[in-house]
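The opening residue of the sequence shown carries number 1 in this note's numbering; numbering runs sequentially from there.
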Amino acid sequence: MKPLKTSGGFTFVEIMIALAAIVMMFGTMASAFLSIKSLNSVSRHHVQAAETVRGKIETLKGTPFANVANTVAVVPYDAGNDGSFGTADDLTGTLTVTIGDFLDMDDDTNTPETLIDIDGDGNNDPTAAVPVRVTFTWTQWVLGQMKTYTVNADTLMAA
Numbered sequence: 001m002k003p004l005k006t007s008g009g010f011t012f013v014e015i016m017i018a019l020a021a022i023v024m025m026f027g028t029m030a031s032a033f034l035s036i037k038s039l040n041s042v043s044r045h046h047v048q049a050a051e052t053v054r055g056k057i058e059t060l061k062g063t064p065f066a067n068v069a070n071t072v073a074v075v076p077y078d079a080g081n082d083g084s085f086g087t088a089d090d091l092t093g094t095l096t097v098t099i100g101d102f103l104d105m106d107d108d109t110n111t112p113e114t115l116i117d118i119d120g121d122g123n124n125d126p127t128a129a130v131p132v133r134v135t136f137t138w139t140q141w142v143l144g145q146m147k148t149y150t151v152n153a154d155t156l157m158a159a
């Protein structure tokens with residue numbers, strides 16, 4: 001009996017199967033990386049939008065009560081690639097201040113209303129406080145689609 005000759009190499013079919021497996025793993029990892037990067041961007045923009053809303057509420061706290069009004073403005077929320085606000089690459093969104101009781105703060109089962117009952121006597125108190133909703137809306141590409149996001153906060157502005 002003659003011993004069989006064996007070769008230490010791989011066959012062409014084995015190499016092709018290994019190559020196909022590597023290409024599939026690389027494609028999966030690249031797709032996962034791009035998805036995570038996109039979702040990280042959305043998360044960062046959510047935080048920036050929440051800070052924009054919080055900043056507007058803080059500004060409203062310093063506004064005379066009689067001057068609190070409905071407003072809509074386009075404002076930057078991300079300085080873009082250059083890291084400097086006021087340049088062409090700033091990302092912007094719409095900041096809206098709406099006087100309205102969207103959460104039924106006075107628990108009268110009547111929403112939305114522009115005045116609320118502060119002292120509980122059943123009558124709305126226009127000179128005491130107004131309910132305010134601050135909303136920030138922006139759009140961005142996420143996983144190949146343009147999506148619209150919104151962050152809002154409700155507060156009560158008192159005289």
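Cβ coordinates follow ideal geometry from the N, Cα and C atoms, glycine included.
Counting beta carbon pairs with one atom in the stretch 48–61 and one in the stretch 79–98, are three or more of them shorter than 8 Å? By the C-beta criterion, the stretch 79–98 is judged to be in contact with the stretch 48–61, since at least 3 inter-stretch pairs fall below 8 Å.
Measuring alpha carbon to alpha carbon, tell me which of Pro126, Tyr77 and Thr52 ends up nearest Gln140.
Checked all of Pro126, Tyr77 and Thr52; the closest Cα to Gln140 is Tyr77.
Exercise for review: Output the boundary residues of the beta strand (DSSP E) element that contains Thr59.
Suggested key: The continuous stretches of beta strand (DSSP E) do not include Thr59, which lies in the alpha helix (DSSP H) extending over residues Phe12 to Lys61.
Inset, instruction - For the stretch 145–153 and the stretch 48–56, state whether three or more C-beta atom pairs, one from each stretch, are separated by less than 8 Å. - result: Three or more beta-carbon pairs separated by less than 8 Å link the stretch 145–153 to the stretch 48–56, which places the two stretches in contact.
Discussion item. I need the DSSP call for Phe102, collapsed to helix, strand or coil.
Written reply: Residue state, collapsed to three classes: coil.
- Message: Alpha carbons only, please: which of Gly122, Asn124 and Gly144 is nearest the one belonging to Ser38?
- Response: Answer by Cα proximity: Gly144.
ask   = Is it true that the CB of Phe65 sits closer than 9 Å to the CB of Met146?
value = The answer is no: Cβ separation not under 9 Å.
Between Val47 and Phe136, is the Cβ-Cβ spacing less than 9 Å?
The answer is no: Cβ separation not under 9 Å.
* From the DSSP output, read off the bridge partner residues of Thr148. => Checking the DSSP bridge columns, you'll see Thr148 partnered with Thr139.
Can you tell me the Cα-Cα spacing of Thr87 and Gly93, whole angstroms?
Those two C-alpha atoms are separated by around 15 Å.
(request) Compare the C-alpha of Pro131 against each of Thr114, Gly9 and Phe85 and name the closest. (result) Ranking the options by Cα distance to Pro131, first place goes to Thr114.
Same chain only: Cβ atoms within 6 Å of Thr71, ignoring 5 sequence neighbours per side: These residues qualify, in order along the chain: Val97.
Cβ of Asn124 within 9 Å of Cβ of Asp104?
-> Going by C-beta atoms, Asn124 is not nearer than 9 Å to Asp104.
Quick check on this structure: which residue in Trp138, Thr148, Ala128 and Val142 has the alpha carbon closest to the alpha carbon of Val68? Of Trp138, Thr148, Ala128 and Val142, the residue nearest in Cα terms is Ala128.
Original post:
Are there 16 or more other CB atoms within 10 angstroms of the CB of Asp101, so buried, or fewer, so exposed?
Top reply: Per the 10 Å Cβ criterion, buried.
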